[in-house]
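Taken in order, the sequence shown gives residues 3 to 151; the numbers are from my numbering.
The C-beta atom is built at its ideal place from N, Cα and C for all residues, glycine as well.
Computed from a prediction, not measured in an experiment: that's the story for all the values here.
Heads up: the structure comes next, in structure tokens.
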Amino acid sequence: MTQHRVKEGLKLLKKNGSRMTPQRKAIMEYLANTKSHPTADQIFNSIKDKFPSLPHTTVYNNLKCLKKYGIINELTYGQASSRYEWATAFHYHVVCDSCGQLHDFHYPKLEAVEQYVEKKSRFNVTQHLFEIHGTCLDCKNENVSFKES
3 MTQHRVKEGL KLLKKNGSRM TPQRKAIMEY LANTKSHPTA DQIFNSIKDK
53 FPSLPHTTVY NNLKCLKKYG IINELTYGQA SSRYEWATAF HYHVVCDSCG
103 QLHDFHYPKL EAVEQYVEKK SRFNVTQHLF EIHGTCLDCK NENVSFKES
């Protein structure tokens with residue numbers, strides 16, 4: 003599945019006149035294989051051993067390129083660092099307010115909201131944002147054990 007994603011990304015890049023550099027491929031492979039939502043720094047740290055003289059700007063520029071062509075999504079949450087994920091079927095996120103951990107979730111009835119808005123407003127809806135905030139199980143358990151001490 004992940005190699006398929008990278009091949010599809012390569013096709014999109016070629017179609018748009020961008021080439022596949024080794025750094026870009028490494029970023030794509032990392033994002034295609036991770037279930038987390040890493041920051042640019044986390045992506046940089048995961049591939050820097052392969053490219054000893056890799057500047058941070060190369061990672062940022064490649065992320066910008068991959069986002070431009072719809073290969074990846076950039077997730078922004080207030081003042082926190084952007085997070086990145088492979089662009090897959092539309093889904094939502096639940097965010098831990100303590101540690102910043104993100105989890106995907108899909109709930110098809112929320113997609114009906116876009117259809118309803120289009121019908122009522124006559125807007126061509128291109129996207130909507132919906133996220134749920136709370137405390138993940140790890141942070142919740144950490145707070146419980148801290149209180150018990």
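Does residue i pass the burial test, meaning 16 or more other C-beta atoms within 10 Å, or should it be called exposed?
i: residue 113; result: exposed
i: residue 134; result: exposed
i: residue 151; result: Unreliable placement is indicated for residue 151, whose pLDDT of 49 sits below 50; the coordinate value is still reported in the next sentence. Residue 151 comes out exposed.
i: residue 54; result: exposed
i: residue 97; result: buried
By Cβ distance below 7 Å, which residues in the same chain neighbour residue i in space, the five residues on each side in sequence not counted?
i: residue 63; result: none
i: residue 116; result: 127, 130
Out of the options, which one is the CA nearest neighbour of residue i?
i: residue 16; options: 41, 61, 52, 71; result: 71
i: residue 47; options: 37, 61, 34, 38; result: 61
i: residue 43; options: 59, 13, 99; result: 59
i: residue 11; options: 50, 57, 67, 145; result: 67
i: residue 74; options: 34, 143, 82; result: 34
i: residue 103; options: 24, 30, 139; result: 139
Looking only at its own chain, which residues have a Cβ that is under 6 Å from the Cβ of residue i, when we skip the five neighbours before and after it?
i: residue 26; result: 64
Taking the CB atoms as reference points, tell me whether residue i and residue j lie closer together than 8 Å.
i: residue 88; j: residue 7; result: yes
i: residue 94; j: residue 132; result: yes
Whose C-beta lies closer than 8 Å to the C-beta of residue i among residues of the same chain, with five residues either side of it excluded?
i: residue 28; result: 49, 52, 53
i: residue 82; result: 102
i: residue 41; result: 83, 84, 85, 86
i: residue 45; result: 29, 32, 33, 61, 65, 86
Inset, instruction - Could you pull out every unbroken beta strand (DSSP E) segment of at least 3 residues lying fully inside the region 65 to 108, listed in chain order? - result: DSSP runs (the beta strand (DSSP E)) wholly in the region 65 to 108: 74 to 77, 85 to 88, 94 to 98, 104 to 107.
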